[in-house]
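Residue numbers (the numbering used here), protein chains in the order written: chain A, 2 to 489; chain B, 72 to 357.
Where is the CB? At the ideal position from N, CA and C, for every residue including glycine.
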Ligand SMILES: Cc1cc2nc3c(=O)[nH]c(=O)nc-3n(C[C@H](O)[C@H](O)[C@H](O)COP(=O)(O)OP(=O)(O)OC[C@H]3O[C@@H](n4cnc5c(N)ncnc54)[C@H](O)[C@@H]3O)c2cc1C
Ligand SMILES: Cc1cc2nc3c(=O)[nH]c(=O)nc-3n(C[C@H](O)[C@H](O)[C@H](O)COP(=O)(O)OP(=O)(O)OC[C@H]3O[C@@H](n4cnc5c(N)ncnc54)[C@H](O)[C@@H]3O)c2cc1C
Ligand code: SF4
Ligand code: SF4
Ligand code: FES
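Written as structure tokens, this is what we have:
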């Protein structure tokens with residue numbers, strides 16, 4: 002493949018990093034249409050031509066699933082866009098999603114050698130280009146369906162972790178069923194990440210492609226309630242289970258006024274919009290209420306998604322209140338920039354201490370306090386310390402708390418022998434095995450809130466472990482000839 | 072991926088209250104008294120909680136009793152045998168702990184009687200002596216009288232307008248019951264929030280436990296959104312996973328009453344729209 006790029010390295014370094022096409026802020030901040038439109042073919046090819054084709058490509062190590070970045074960029078340059086997407090798919094079952102939502106600046110692009118002195122290759126945007134090219138040209142064909150002959154494996158949760166695990170197991174020939182508590186699959190990709198970052202058609206197509214591998218997705222099943230893990234084994238005859246139920250239970254700050262009308266968790270606020278389409282009320286039945294002025298508390302992707310959604314639902318003024326500085330916000334850089342462009346006001350180094358209500362018990366304001374940053378703590382982040390006497394009140398009608406989430410305990414409390422730590426996080430070893438034989442776990446459930454691609458990596462690691470576990474079981478049952486079984 | 076849940080039978084118990092039997096085998100297998108489901112009637116529909124009034128694991132069906140109060144419940148009550156529900160998930164919530172001894176009072180108000188009935192029946196089957204009180208606004212809204220009578224030692228009916236049974240509210244009858252039957256050791260009360268609050272206020276001085284089922288506004292029903300949060304004993308609880316049943320003496324009813332009206336204005340819009348849709352659908356078929 003080498004030799005496609007005819008530019009000398011010095012010439013490549015002179016080309017500036019290409020910018021994605023974006024909907025202008027004034028146009029987009031009232032609609033749910035996608036903000037970034039990515040690269041057109043011309044920009045993609047220019048960007049790809051900047052790549053130095055490093056022998057020991059560092060970028061690949063920065064990607065949690067080790068997408069062959071160098072390889073797919075070369076294929077793009079050769080205008081073999083389908084080849085490029087197929088190369089990506091060898092490692093990543095949801096490329097159109099990851100190209101859009103991965104925090105590339107802390108993963109693949111952080112490691113790109115060009116980043117040291119110049120700007121890194123826009124790996125995410127190129128990945129997205131390849132995926133979108135396939136969709137746009139109607140080339141997203143169902144993959145070859147593996148011959149299902151293997152044992153049945155149950156996956157609990159249809160978020161990125163469950164989907165990635167399912168894709169690998171189906172390819173290995175297992176019969177895979179995903180159980181999902183909600184009425185639609187995708188996990189946070191469906192109920193948390195808004196359409197203006199990840200259009201539903203894109204998500205639907207990626208999930209359909211995984212279903213086409215032979216994966217069955219059964220919605221409306223809450224494992225632990227509708228069926229326990231023990232029942233999945235004993236009555237439903239599953240041979241192994243992968244738990245990927247995420248970290249969906251919202252934290253509240255514990256400050257006065259949190260139960261006033263007009264206070265939402267970001268999960269509820271985003272679920273009403275993304276899953277239930279409340280922004281299309283009354284064409285859709287689920288209501289939502291957003292005041293003229295909205296305050297969102299937090300600094301992660303969830304907070305930024307919530308505040309931008311509030312703008313789109315009509316808030317004239319939307320504040321994002323975060324207790325550290327802008328550089329310490331865990332949200333994706335691109336989204337922080339987009340939020341600023343859309344007129345979100347960042348109130349940094351500030352923490353809320355009380356939500357104020359009127360006589361009707363509806364939110365009418367939020368009292369905050371300024372923060373000074375003290376000595377770095379064990380994680381290296383400086384400890385926020387409230388400054389006495391710095392209190393001030395913001396008049397707002399809606400407050401959205403996005404201060405993090407913990408794991409949902411339903412499965413842990415209904416599965417005897419499944420070890421979890423004090424916070425409910427399921428304990429696993431590096432191969433994603435839990436304390437229960439045949440039960441594996443990963444994604445946010447075992448990490449307590451991370452990223453899409455880390456959740457997907459866990460899913461892939463678990464799929465390999467499940468395969469190994471089931472092979473060993475087969476071997477034990479039929480010591481002769483089992484290794485030649487048609488599975489795997 | 073498509074899941075549809077057929078309505079196998081439907082009867083009207085009162086002009087605005089329907090009993091529907093739904094095919095939902097997975098839910099039916101596991102349902103216990105006190106559990107509920109979340110249902111979505113149509114693709115554009117809201118997710119709403121409804122109590123599992125009865126379940127037939129062998130036949131794979133569950134029974135719901137629904138009062139038409141707004142768009143979703145009206146839509147549900149307008150469905151007929153052969154129609155389908157888009158989504159049904161459950162059983163959710165903690166089942167009521169059933170203790171098979173002693174003497175209890177079971178107080179149902181309005182459609183709350185439907186939510187109370189499976190609990191009263193389970194208590195009765197376990198050997199508890201049940202004294203039942205059911206209340207409604209008017210005669211035609213009295214539901215499940217025969218069923219409640221079958222699982223209780225005494226049954227009192229009250230109506231606000233006196234058109235049936237005793238005129239007055241359930242707390243009147245409960246006061247008399249507790250005075251006449253001091254052996255009553257616990258009270259189960261399910262109905263409108265104001266009714267449950269009144270029962271708790273009546274029972275609290277006697278030092279008895281009162282179990283209430285909180286009908287907070289829910290979305291997912293699995294602990295994911297926090298929309299159903301209620302204050303119990305000064306602590307935040309999620310009604311869907313920590314409840315829906317709580318010790319009534321510890322519940323902040325006033326807060327919940329306000330929270331349940333959060334969307335009242337928007338709900339009216341949805342409701343009016345449905346009325347128009349149903350009316351125009353009626354003219355088209357004519
Ligand atoms: C608003 C928001 C924005 C984010 N933005 C980004 C971003 O831009 N980039 C990024 O990399 N990461 C982002 N994240 C984080 C990322 O989405 C998560 O790390 C990732 O989705 C975790 O994947 P998962 O498969 O482990 O769990 P989830 O995506 O949470 O999926 C879990 C699924 O399991 C289901 N489930 C739970 N319990 C049960 C049960 N008992 N039975 C059956 N099903 C069950 C849930 O309904 C859910 O569908 C964001 C998170 C949020 C909340
Ligand atoms: C655990 C539980 C069990 C219930 N069991 C029954 C039952 O067996 N039979 C029955 O008739 N009703 C039951 N309800 C009440 C029922 O859920 C509401 O009547 C229904 O949601 C109203 O929806 P609507 O669209 O028809 O009316 P709307 O006009 O939308 O609302 C009318 C009122 O119902 C409440 N409500 C609205 N949306 C929701 C929601 N998503 N979740 C909960 N409450 C809401 C609000 O207080 C609102 O003011 C139960 C509620 C809970 C929480
Ligand atoms: S999957 Fe994410 S981290 Fe990996 S190459 Fe693609 S954008 Fe980068
Ligand atoms: S490190 Fe950067 S320049 Fe090198 S191969 Fe990867 S993307 Fe290309
Ligand atoms: S309904 Fe969402 S947490 Fe209870």
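Between residue 245 (chain A) and residue 293 (chain B), the CB-CB gap reaches or exceeds 8 Å. Chain order gives the chain A residues near residue 333 (chain B) as 262, 263, 288, 290, 363, where near means a beta carbon separation below 9 Å. If you look at residue 206 (chain B), you'll find it in the beta strand (DSSP E) that goes 200 to 207. For the region 414 to 485 of chain A, the continuous beta strand (DSSP E) assignments of 3+ residues that do not extend past its boundaries occur at 440 to 442, in sequence order.
Under the three-state reduction of DSSP, residue 284 (chain B) is assigned to strand. Relative to ligand 3, the beta carbon of residue 454 (chain A) is positioned inside 7 Å of a heavy atom. Among the residues facing chain A, residue 281 (chain B) is not included, as its CB has no counterpart in that chain under 8 Å away. Using beta-carbon distances, residue 284 (chain A) counts as an interface residue toward chain B, with a partner under 8 Å. Distances between the C-beta of residue 54 (chain A) and the heavy atoms of ligand 4 include at least one below 7 Å.
Using a CB distance below 8 Å, no part of the region 147 to 168 of chain A faces chain B.
Rounded to whole angstroms, the Cβ separation of residue 306 (chain A) and residue 271 (chain A) is 6 Å, and the two are in contact under 8 Å. Going by C-alpha positions, residue 79 (chain B) is about 10 Å away from residue 133 (chain B). Each residue's CA atom was taken as its position, placing residue 423 (chain A) and residue 17 (chain A) some 49 Å apart. Within the region 211 to 238 of chain A, the residues whose Cβ lies closer than 8 Å to some Cβ of chain B are 212, 218, 219, 220, 221, 222, 223, 226, 227, 228, listed in chain order. Annotation: the continuous beta strand (DSSP E) that includes residue 158 (chain B) extends over 158 to 163. DSSP places residue 352 (chain A) within a strand segment (E or B) once states are collapsed to three. Only exposed fits residue 335 (chain B), as fewer than 16 other CB atoms lie within 10 angstroms of its CB. Assignment of residue 126 (chain A) by DSSP, reduced to helix, strand and coil, places it in the helix class. Following the DSSP letters along the chain, one finds residue 217 (chain B) inside the alpha helix (DSSP H) bounded by residues 216 to 221.
Residues of the same chain with a CB within less than 7 Å of the CB of residue 101 (chain A), apart from the 5 flanking positions on each side, are 129, 198, 199 in chain order.
Closer than 7 Å to some heavy atom of ligand 2: that does not describe the Cβ of residue 278 (chain A). The alpha-carbon of residue 332 (chain B) is positioned some 13 Å away from that of residue 289 (chain A).
By a beta-carbon distance limit of 8 Å, residue 255 (chain B) does not contact residue 205 (chain B). Their separation comes to about 16 Å. Think of a sphere of 7 Å around the beta carbon of residue 302 (chain B): the chain A residues whose beta carbon falls inside it are 260, in chain order. Secondary structure of residue 225 (chain B) (DSSP, three-state): strand. The beta carbons of residue 280 (chain A) and residue 405 (chain A) sit about 25 Å from each other, so the pair does not count as a contact at 8 Å. The region 218 to 231 of chain A and the region 358 to 373 of chain A do not touch, with fewer than three beta-carbon pairs separated by less than 8 Å.
Under the Cβ distance rule, residue 7 (chain A) does not count among the residues neighbouring chain B, no pair being separated by less than 8 Å. Apart from sequence neighbours up to five positions away, the residues of its chain that approach residue 150 (chain B) with a beta-carbon distance below 6 Å are 78, ordered along the chain. Look at residue 269 (chain A): its C-beta is under 8 Å from a C-beta on chain B. Neighbours of residue 272 (chain A) in chain B, taken as residues at a C-beta separation under 9 Å, are given in chain order as 290, 291, 295, 296, 298. Short note on residue 159 (chain A): C-beta closer than 7 Å to some heavy atom of ligand 1.
In this structure, residue 307 (chain B) has its CB at a distance of at least 7 Å from all heavy atoms of ligand 5. Chain A has no Cβ within less than 8 Å of the Cβ of residue 314 (chain B). DSSP assignment within the region 237 to 305 of chain B yields the following whole alpha helix (DSSP H) runs of 4 residues or more, N-terminal first: 241 to 251, 264 to 274. Within 7 Å of the C-beta of residue 119 (chain B) there is at least one heavy atom belonging to ligand 2.
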